[in-house]
Every structure is written in C-alpha cells, then in structure tokens.
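Report on the structure given below.
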Amino acid sequence: MRVGIRYNRFAHRRALVTRSPMIVNTGQEQPNTFAFNSSEHFTNTAGTQDQPPLIIRRASAADIHAMWRALAYAARWNSTEQLSATHTLSENSNNDNDHITRYLDMWKPRTDLGVVAERGGEVLGACWASTMTSSRPGYGYVSDTIPELVIGIEPSYRGTGIGNKLVSDLIQQATENRVEGISLSVDRLNKPARALYERHGFAQVGQEGNSLTMVLLLRVGLK
Numbered sequence: 001m002r003v004g005i006r007y008n009r010f011a012h013r014r015a016l017v018t019r020s021p022m023i024v025n026t027g028q029e030q031p032n033t034f035a036f037n038s039s040e041h042f043t044n045t046a047g048t049q050d051q052p053p054l055i056i057r058r059a060s061a062a063d064i065h066a067m068w069r070a071l072a073y074a075a076r077w078n079s080t081e082q083l084s085a086t087h088t089l090s091e092n093s094n095n096d097n098d099h100i101t102r103y104l105d106m107w108k109p110r111t112d113l114g115v116v117a118e119r120g121g122e123v124l125g126a127c128w129a130s131t132m133t134s135s136r137p138g139y140g141y142v143s144d145t146i147p148e149l150v151i152g153i154e155p156s157y158r159g160t161g162i163g164n165k166l167v168s169d170l171i172q173q174a175t176e177n178r179v180e181g182i183s184l185s186v187d188r189l190n191k192p193a194r195a196l197y198e199r200h201g202f203a204q205v206g207q208e209g210n211s212l213t214m215v216l217l218l219r220v221g222l223k
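Position 65 (the sequence shown) corresponds to 65 in full-length UniProt numbering; numbering is contiguous.
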C-alpha cells in the first residue's frame, strides 16, 4: 500500500511539473541524458589581506568526505551546532538514515551535477544533484530524469552568500549540460532556503506535511 501511495504522490507531482510555467526554453528539444562538458566551471571571489579567495568549483570524487559532512549539515538545517572534524553521515549509517544517505549513495561524480565552495583548501559547503529513481526516491523526487538538489554549508558560513553562489553555479552547470530540470525538498519553516530557491526560479509543485517539493525546469520536452 505504501508503494502505491508513494507512486500516486509522485505522479501528481509530475503532472504539476508538466503544467508549471517555470520553464527556461532553450529553443530546441534535447535528450534526457547528459555528459559533462570540459568546463570545470570555476567562480573565484577575490580574497582579502586576512583571508584567501572563495572558490566555487566542480565537485569530484575527492570531495566525497566533505560532501558527507555537508549532507550532515543539510539534515541539521535548523541547528547551528558545529560538528566535530570527524563527524559525518556515512555509507555505514543505519537503515533509519537511508532516506538521507541515498543522496550521496546515488551521486555519481562523473555524470551527476555538483559544486563545492572552498577557501584556502578548506571546503565550506557543497551543493549537488543526485539522479534518483522511483524505486529509491528522495524527499523531493518527481522524475527519474530530474536530479534532486542537496546543499549543506558549515553553520558559521551560513548567511554569507555562499549558498547563493553554490546554487547559481549548479544551475549554470545543469544548463550547460542540458539537464531537464532540478528538484528539491525544503522544510516550509526554512524561510531563508525557500527565498533562495525562489530567487533562482524554483516553484512549488507539492507538499507533504512541512516538506515542500520545488522544481526548476530548464528546458521543454518533459515527458
């Protein structure tokens, strides 16, 4: 029964996405699959005498530990507690955390979207989009062809504009690689995050309890 309920909910979200006006039309029909172009897509924010520049760059397999840490912060969005240097969610988390850990279990560095923010070699935050499936969906799942966004930032750097830069660069990366769209799930009480996503064109297509599903469509041709 739960599978049936889940499927119907996703079908409703897909119907809303199909009718959504939030579409950036690229002018031509494009395939659902994609491969990264050669651009590493760097954003370099000038540093100061006191600190090195902030760099936003494409995420790689070498960033996986920092991304697990970012995922832990994403799961604790309403906490300002600084985690210990060794604390992360991990591949060994128990089944109760599976709905969270799948956001990195299913992320493929060679084909999925991802960017990290670093300063002086230290990763301060990460944003990526994992391609989910109907058999193992995320909280904001709408389609097998629309990856789901996750963003996590060290608490001491929240509210500094890093989140805006990460989301902006991830969207540009998605656009350059002809991705159909991006979905996400956000708590309705997380007003700063909701405002950030709305500024970037995400629109709400579903709600379950306090969890809102939002989607940004980047091209036409949604099946």
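Ideal Cβ positions, reconstructed from N, Cα and C, are used throughout, including at glycine. Remember, predicted model here, so these are calculated numbers, not experimental data.
### Query
Short check: CB of leucine 216 to CB of glycine 201, under 7 Å?
Indexing the sequence shown from 1 puts residue 216 at position 216. Indexing the sequence shown from 1 puts residue 201 at position 201. Yes; because the gap between Cβ atoms is below 7 Å, this pair is in contact.
### Query
Any idea what DSSP makes of aspartate 96, helix, strand or coil?
Within the sequence shown, numbered from 1, the residue matching residue 96 stands at position 96. Bear in mind that the predicted position of aspartate 96 carries a pLDDT of just 46, short of 50, making it too unreliable to give a figure here.
#### Entry: C-beta atoms of threonine 213 and glycine 140 nearer than 7 Å
Residue numbering aside, residue 213 sits at position 213 when the sequence shown is read from its first letter. Residue numbering aside, residue 140 sits at position 140 when the sequence shown is read from its first letter. Yes, the Cβ-Cβ distance between threonine 213 and glycine 140 is below 7 Å.
### Task
May I ask you to report which of helix, strand or coil DSSP gives alanine 203?
Start at 1 with the first residue of the sequence shown, and residue 203 comes out as number 203. In this structure, alanine 203 counts as strand in the three-state DSSP scheme.
### Message
Using only the alpha-carbon positions, how far apart do leucine 104 and alanine 59 sit?
### Response
Numbered from 1 along the sequence shown, position 104 holds the residue referred to as residue 104. Numbered from 1 along the sequence shown, position 59 holds the residue referred to as residue 59. Cα to Cα, the separation comes out at about 12 Å.
#### Entry: Classification of lysine 191 by the beta-carbon crowding that lies within 10 angstroms, buried from 16 upward
As a first step, residue 191 is located in the sequence shown; it is residue number 191 there, counting from the start. Per the 10 Å Cβ criterion, exposed.
### Spatial distance of isoleucine 182 from glutamine 51 (CA atoms)
Here residue 182 is taken as the residue at index 182 of the sequence shown, counted from 1. Here residue 51 is taken as the residue at index 51 of the sequence shown, counted from 1. Using only the alpha carbons, I get a separation of about 33 Å.
### Query
Once you ignore the five residues that flank glutamate 118 on each side, which residues in its own chain have a CB closer than 6 Å to its CB?
Position 118 of the sequence shown, counted from the first residue, corresponds to residue 118. Closer than 6 Å at Cβ, skipping near neighbours: Ile55.
### Query
Once you ignore the five residues that flank alanine 61 on each side, which residues in its own chain have a CB closer than 6 Å to its CB?
Counted from its first residue, the sequence shown places residue 61 at position 61. Closer than 6 Å at Cβ, skipping near neighbours: Pro109.
### Query
For serine 143 versus serine 185, is the C-beta distance shorter than 7 Å?
Working through the sequence shown from its first residue, we reach residue 143 at position 143. Working through the sequence shown from its first residue, we reach residue 185 at position 185. Contact flag unset, no.
### Message
Would isoleucine 100 and alanine 126 qualify as a contact pair, given that the criterion is a beta-carbon distance under 7 Å?
### Response
Within the sequence shown, residue 100 is the residue found at index 100, counting from 1. Within the sequence shown, residue 126 is the residue found at index 126, counting from 1. Result no, Cβ atoms of isoleucine 100 and alanine 126 do not sit closer than 7 Å.
### Task
Can you say whether serine 38 is buried or exposed, counting buried as having 16 or more other CB atoms within 10 angstroms of its CB?
Here residue 38 refers to the residue found at position 38 of the sequence shown. Residue confidence for serine 38 is low, a pLDDT of 37 falling below 50, so the modelled location carries little weight and cannot support an answer.
### Task
Verify whether the separation of the beta carbon atoms of alanine 66 and glycine 152 is less than 7 Å.
The residue given as residue 66 occupies position 66 in the sequence shown. The residue given as residue 152 occupies position 152 in the sequence shown. It is not a contact, given that the beta carbons lie outside the stated cut-off.
### Message
Going by beta-carbon coordinates alone, are leucine 113 and alanine 72 separated by less than 7 Å?
### Response
On the sequence shown, position 113 is the one that residue 113 refers to. On the sequence shown, position 72 is the one that residue 72 refers to. Contact: no.
### Task
Following the continuous alpha helix (DSSP H) through alanine 75, name the residue where it begins and the one where it ends.
Translated into positions along the sequence shown, residue 75 becomes position 75. Looking at the DSSP string, the run of the alpha helix (DSSP H) that includes alanine 75 is 64 to 75.
### Collapsed DSSP secondary structure at serine 185 in the structure displayed
Numbered from its first residue, the sequence shown carries residue 185 at position 185. Residue state, collapsed to three classes: strand.
### Helix, strand or coil at isoleucine 146 according to DSSP, with G and I counted as helix
For the purposes of this step, residue 146 is taken as residue 146 along the sequence shown, with counting starting at 1. Three-state result, isoleucine 146: coil.
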